Amino acid sequence: MKTPTFFRGFHKPKNSEPNKFNALHSASQWALIWAKFKDHKLAIVGLYLLVFFYVCILFAPIITPYDAWEDSKYIYAPPSKIHIFHEGKLSRPFVYQQDIMLNTETFERTFKPDKSKPYPVRFFVKGAEYRWLGLVKGNIHLFGVDPQTSINLMGTDVLGRDCFSRNISGLQISLTVGLLGVFIAFILGSVIGGIAGYYGGIIDNIVQRLVEFISCIPTIPMWMALSAVIPQDWGNLKVYFAITVILALRSWTGLSRQVRSKLLQLREEEYIVAAKVCGTSGWKIITTHLLPGFMSYLIVSLTLEIPKMILGETTLSFLGLGLRAPTVSLGVLLQDAQNLAAISAYPWLLISALLVVVAVLAFNFVGDGIRDAADHYKN
Amino acid sequence: MTTENNLLEVKDLKVEFKLRQGTVTAVNGVSFQLKKGKVLGVVGESGSGKSVTARTLLRIEAPGIITSGEINFFSPKHGELAIQKLNTTGELIRSIRWKEIAMIFQEPMTSFGPMHTFGNQISEVLILHEKVNKADALQMVIESLRSVGMPRPEKVINQYPHQISGGQRQRAMIAMALACNPEMLIADEPTTALDVSTEAQILEVLAERQKTLNTAILYISHNLGVVSNIADEVMVMYLGQIVEHAPVDELFRAPKHPYTVALLNSIPRIDKAYHGQKLEVLSGGIPDPYNHPPGCKFHPRCPKVIKGVCDKIQPLQHAVSETWSVACHLYSTSINSEK
Amino acid sequence: MMEPTKKELLLEVVDLCMYFPVQGGFFDKTKGLVKAVDGVSFKLYKGVTFGLVGESGCGKTTTGRLIMKVMNPTSGSITFYDNELGPIELVPLSNRQMRPLRKKIQMVFQDPYSSLDPRMTIQQIVGEPLRASGRGDLNDYKNKIAEILQKSGLSPDYMDRYPHAFSGGQRQRIGIARALVTQPQLVVADEPVSSLDVSVQAQILNLLKELQQSFELTYLFIAHDLSVIRYMCDTLAVMYVGRIVEMGRSEDIFNHPAHPYTEGLLSIIPRTSTKTKPEKMLKGGIADASDLPSGCYFHPRCPYAQEICKTEYPALRDIGTEHQVACHFDLDLKGI
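Protein chains in written order, with our numbering: chain A, 1 to 379; chain B, 380 to 718; chain C, 719 to 1054.
So, in structure tokens, the structure goes:
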């Protein structure tokens, strides 16, 4: 058969065409999103930071030189200085032993390095025992110094506990409370929002009013009320779960609204009508067209929801309503920095606040990056 | 061509968009003149650069960048102005927009703010440019709405954009554009979103106002029928270039450029019974904006392509008569004499 | 044109109505009804292209969607004469019962952008109707897709690409391939070319004609552009606010329109050969479907309106071979 004239322009691409061109054309939605995401510099920085944080908390007991609860005689010691010159000669990194001196007039402790003997920083040293992920027993730490002295990268607190070890342990709780809370909120939000958006009518109306009601309640009093219900004698783990549930109970509302409105919008898309016309069943339409359709939007709102959770936990714990010592979270750590005197005398206690800010910013950058990349109607 | 009646002269205008995927030359060496009180139609498909050209005249081409060329506007108030040199947010260009060059868009819903009444929005333009008080301005708005055939203009000035139909909104848009009696009006596909019966009415209003006020119009459309009804002259654009420029009647009677010919043939004619005949079609689609073909940009789709010429050399504008120019090697005297 | 002797009925629509409630006030009280489609009846014969034409809000798209069973009509009947199963009444069928019939009645959409799922490859998109009716053998499935893509003017090499890699015209070819992959008997084409560029429009129109011949298709062709309708359709119906005002063979309607609205529409189409005469202009705008005029809906705009037009809606009546009009008078009107 002679090719009709109007087919001419659509011949298959010539072989000389670069592969990149073909790759772009058969790139899936996700590949395109990733390609655009990579252009967002801040988002990439945020992503690196987050990966770094999560690697840190995954290997927390190994990275930290001390147990987060182990006290010492070094009370309110400032961050240790790492030296590389001993008596004018270059040597491997080391610390000096700190002599504690008590100022008898002000009762302030001052620390003076004893420059006679260097204590080199050693790697993979034996130290406090731990169970990695609660399973693997071990006592090897990434770095450390001889037990006669101590290395405190972020100083120590009122009981002489190593703030670096405590901050890393705090991150462990604070950054996972967000994930777990968002997971619960995600399930609540997408199921409830999905039902509202899919069925519409009265069900939608009831759900919307409920969402409005919950959004109306001021956040902090609601948290206070809910955390007052947590029995005092609950263990760490139980309180931790209770807090995540409290946080999730507040934040599913936003998610459910987004799911609902996206669903309502997608239902009107012509390709959904097309799928129906093709004879695709209702369940198949939901799983193959609707769900993938708003997955990218869900991920965006999830990433933006996590920092809110982190802040929520920090706020609650800081106010003394959330996690309580001996549990370590960034909010609990910040309780130590509550008074002005402490901040002026021991500014390193504020490093926990810095970590909160950095983690929240990183999540926000990543969320912004995904949002810009997923919004394929923009370009 | 004589120049004393020119209101606008565009010379070798180039506008580029620098995008992530590459540079798009949306307007590539466009030159034309618009005479006082005349209607110049611009016809083209998507990617032809017709809208970008129009927006550049008002300096709202961003994120596009003018890379070369001149736009000279002969303003009765400011004298000759080199528009391409003006600051896009400066005092001078703002005093020209609406007052001397007005523009109407395809979608009148988005051209009006949803939160203000027509009376407020149109009178605002008058207060700003004509220095009249609010009461006088409202009176002028009613007059100008009446002049575009808006029913019950006294009522409409208190209404919001969503309260009236698309056709009526477009009437209001025309009233607003012509309220300051500009020298020139740019109409960017003003009837594309409308029904045929409304379209005919809007075209009629536009033509009537143009004659009474002697406004020059640059009328942009993809619809050849619409352009042939309203314009005095027509430019046909393809991929950022003008391929043919001629008086409207002559162009549609005997088009010269193969693209114009093909475009006219590919529209089903209302006054022809086809009896199973096929339409003559152009092969292929409009090329990707990042990879324009070399030589004549139309050569890959052209049925009259001259091998070794059209795919290598970009054709110049060849005058086939005093008022008619074609950018095609078929009309080049040197190439034809070689043959 | 069809030979009158071998006319075989494929679809019969009788008195189809679709009313939408208008809600307003504080408690979503139903204020009134918008009669989007109001008593539409027509017959579709095999191998014929039947056009539905009218301005926005005339109910042509709703009629198409009712036939596709995307929504259920308020009343009326739609009978599909299947070549294996005989006549089937579509209106009472549930979604599940409708599913096996889907492959016999397919649709081409207006917007080539929103009608293709951006997350699916071309193979998945075109194969969707096949998968819905049981995919069967994988090789057979792929061959069918490749074949229909080829016939629609696309290289089967494009199968693994995503819609974003294609231009509007190519996307519309994909949409056509999806509609035809199950070899349907009836194709509803809802404004298939109105969002395409002029030069691409002609390619798609020719493609639709070509495929009609090779697959013996019947088209219900919905459009607002009368020139496209004239090129494509053998018979057509002109709709105005939910009702058919004139119906007949294409040539009869274009040469001898019988309804003033048809005449008005024909005279105002902007064309390159002649200028539109202002005296022929249709006055005013389309009637508001929620606040209809009394009598004939067209009378406020009609240059020939008499007293009776304000009180009585004219019934559709025969005025010639297969030519029907809803007008009180036998007017001597001008065609093209």
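Cβ coordinates follow ideal geometry from the N, Cα and C atoms, glycine included. Keep in mind that this is a model prediction, so the values were computed, not measured.
Short of 6 Å from the beta carbon of CYS707(B), and not among the five residues preceding or following it, lie these beta carbons of its own chain, in chain order: HIS636, PRO694. Distance check between GLY443(B) and each of LYS397(B), MET529(B), ASN560(B) places LYS397(B) closest, using alpha-carbon atoms only. Taking 8 Å as the threshold, the shortest C-beta distance from ASP878(C) to chain B does not fall below it.
In this structure, ALA68(A) sits near ARG166(A), with a CB-CB distance shorter than 8 Å.
Partner residues in the beta bridge of GLY420(B), as assigned by DSSP, are TYR598(B), VAL613(B). Of the residues GLY127(A), THR314(A), VAL191(A), GLY88(A), the one whose Cα lies closest to the Cα of SER116(A) is GLY88(A).
A direct Cα-Cα distance of roughly 23 Å separates ARG525(B) from ASN608(B).
It is roughly 25 Å from the alpha-carbon of PHE453(B) to the alpha-carbon of GLU395(B). Taking all protein chains in view, the Cβ of ILE665(B) is crowded by 16 or more other Cβ atoms within 10 Å, so the residue is classified as buried. Collapsing the DSSP output to three states places PRO1018(C) in a helix. By the rule that beta-carbons nearer than 8 Å mark a contact, SER425(B) touches chain C.
Residue state for GLY777(C) is assigned as coil, using DSSP reduced to three classes. Between VAL740(C) and SER1008(C), the C-beta gap is smaller than 8 Å, which places the two residues in contact. Nearest CB-CB separation between GLU981(C) and chain A: not below the 8 Å threshold. Scanning the region 817-852 of chain C from its first residue to its last, the whole alpha helix (DSSP H) runs of 4-plus residues come out as 840-850. Counting C-beta pairs with one atom in each stretch, the region 248-266 of chain A and the region 188-202 of chain A have three or more that are closer than 8 Å, which means they touch. Contact between THR571(B) and GLN485(B) is confirmed by a C-beta separation of about 5 Å, below the 8 Å threshold. Beta-bridge analysis with DSSP links GLN412(B) to GLU388(B).
In the three-state reduction of the DSSP assignment, ASN608(B) falls in the helix class. DSSP, read as helix, strand or coil, puts VAL660(B) in coil. SER344(A): not part of any beta strand (DSSP E); member of the alpha helix (DSSP H) spanning 340-345, first to last residue. Between HIS1041(C) and PRO1032(C) the beta-carbon gap is near 15 Å, outside 8 Å, which marks them as no contact.
Per the coordinates, the alpha-carbon of LEU661(B) lies some 13 Å from the alpha-carbon of LEU925(C).
With respect to VAL899(C), ILE866(C) sits close: the two C-beta atoms are nearer than 8 Å.
Annotation for LYS1001(C): ARG1019 place their beta carbon closer than 7 Å to its own, counting only its chain and skipping 5 residues before and after.
When Cβ-Cβ separations below 8 Å define contact, GLN29(A) makes contact with chain C. Here ALA516(B) has SER502, LEU505, ILE506 as same chain residues with Cβ atoms under 6 Å from its own Cβ, once five neighbours each way along the sequence are excluded. When Cβ-Cβ separations below 8 Å define contact, LYS38(A) makes no contact with chain C.
Beta-bridge pairing by DSSP links CYS735(C) to ASP756(C), SER793(C). In the DSSP assignment, the residues bridged to GLY750(C) are VAL740(C). The beta carbons of MET224(A) and LEU153(A) sit no closer together than 8 Å. The distance from the Cβ of LEU436(B) to that of LYS415(B) is about 16 Å, inconsistent with a contact at the 8 Å cut-off. Within a 10 Å sphere around the beta-carbon of ALA31(A) sit fewer than 16 other beta-carbons, which makes this residue exposed.
Legend: CB atoms of the region 269-284 of chain A lying less than 9 Å from CB atoms of chain C belong to residues GLU269, GLU270, TYR271, ILE272, VAL273, ALA274, ALA275, LYS276, VAL277, CYS278, GLY279, THR280, SER281, GLY282, LYS284. Spatial neighbours of GLY966(C) in its own chain (CB-CB distance under 6 Å, excluding positions within 5 residues in sequence) are listed in chain order as GLU1040, HIS1041.
A check of alpha carbon separations from THR64(A) across ASN103(A), ILE151(A), TYR76(A), PRO218(A) identifies ILE151(A) as the nearest.
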